[in-house]
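This report refers to the structure that appears directly beneath it.
In the numbering used here, the protein residues as written are 1 to 194.
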């Protein structure tokens, strides 16, 4: 009788342990769907007219070819949808922007020239991570930062560092483009919110 009671108690303990492990495993699976971190500042200044923004090509600090171009295109597309912003791509400028110029180190002569052309702010950034991380399966990993300054005052209007890791549970359905697009969309939504 004593042995049967011990076997019964041991079976109950094993059942509870299995249940706990199952719940723990499901928690890990569902929490790892898409993770990200953000460091951000600023909100769109309120004014009657749309703020004109010159978007410079993003620097590519990764080993992935054209990561800077991909993120610049994604961010520009997202900004173009906003009525509070008027996007000016660097490629449309009649004045060439020297290499190495960014929103925080713009020469005074160039700043004055851009202001005279009706540009209110300058946005520049870099892509620090843009690749598929391989462990059991490939997961997209993205790291982006950008700064936007007011050309009149030199004040930083918007500063952000975004990073995210996509999920490969239940098959890899997220791409680098969709992960970076999601991060950018969420941050632009936050910035233009009033």
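Each residue gets a CB set at the ideal place from its N, CA and C atoms; glycine is no exception.
{"Item": "Local conformation of residue 150 per DSSP, three classes", "Value": "strand"}
{"Item": "Contact check, residue 127 vs residue 67, beta carbons under 7 angstroms", "Value": "yes"}
{"Item": "Residue 64 and residue 132 closer than 7 angstroms at C-beta", "Value": "no"}
{"Item": "Cβ neighbours of residue 166 in the same chain (closer than 7 angstroms, five flanking residues each side left out)", "Value": "34, 139, 140, 174 and 179"}
{"Item": "Cβ-Cβ distance between residue 160 and residue 146 below 7 angstroms", "Value": "yes"}
{"Item": "One or two residues paired with residue 87 in a DSSP bridge", "Value": "53"}
{"Item": "Pair within 7 angstroms by beta-carbon distance, residue 71 and residue 144", "Value": "yes"}
{"Item": "Residue 78 (DSSP reduced to helix, strand or coil)", "Value": "helix"}
{"Item": "Span of the beta strand (DSSP E), counted from its first residue to its last, around residue 124", "Value": "121 to 134"}
{"Item": "8 angstroms Cβ shell around residue 151 - same chain, five flanking residues per side excluded", "Value": "106, 111, 114, 115, 119, 120, 121 and 122"}
{"Item": "Whole-Å CB distance - residue 184 paired with residue 75, under 8 angstroms assumed", "Value": "5 angstroms"}
{"Item": "Reduced DSSP category for residue 100 - H, G, I as helix; E, B as strand; rest coil", "Value": "coil"}
{"Item": "Exposure of residue 88, with buried meaning 16 or more beta-carbon neighbours within 10 Å", "Value": "buried"}
{"Item": "Spatial distance of residue 186 from residue 78 (CA atoms)", "Value": "10 angstroms"}
{"Item": "Cβ-based burial, residue 41 [other Cβ within 10 Å; buried from 16]", "Value": "exposed"}
{"Item": "Beta carbon of residue 90 nearer than 7 angstroms to that of residue 50", "Value": "no"}
{"Item": "Below-7 angstroms beta-carbon distance, residue 49 vs any chain B residue", "Value": "Of the protein chains in the structure, only one exists, and it is not chain B."}
{"Item": "Short Cβ contact (7 angstroms threshold) for residue 149 with residue 108", "Value": "no"}
{"Item": "Rounded separation between residue 98 and residue 153 - CA only", "Value": "21 angstroms"}
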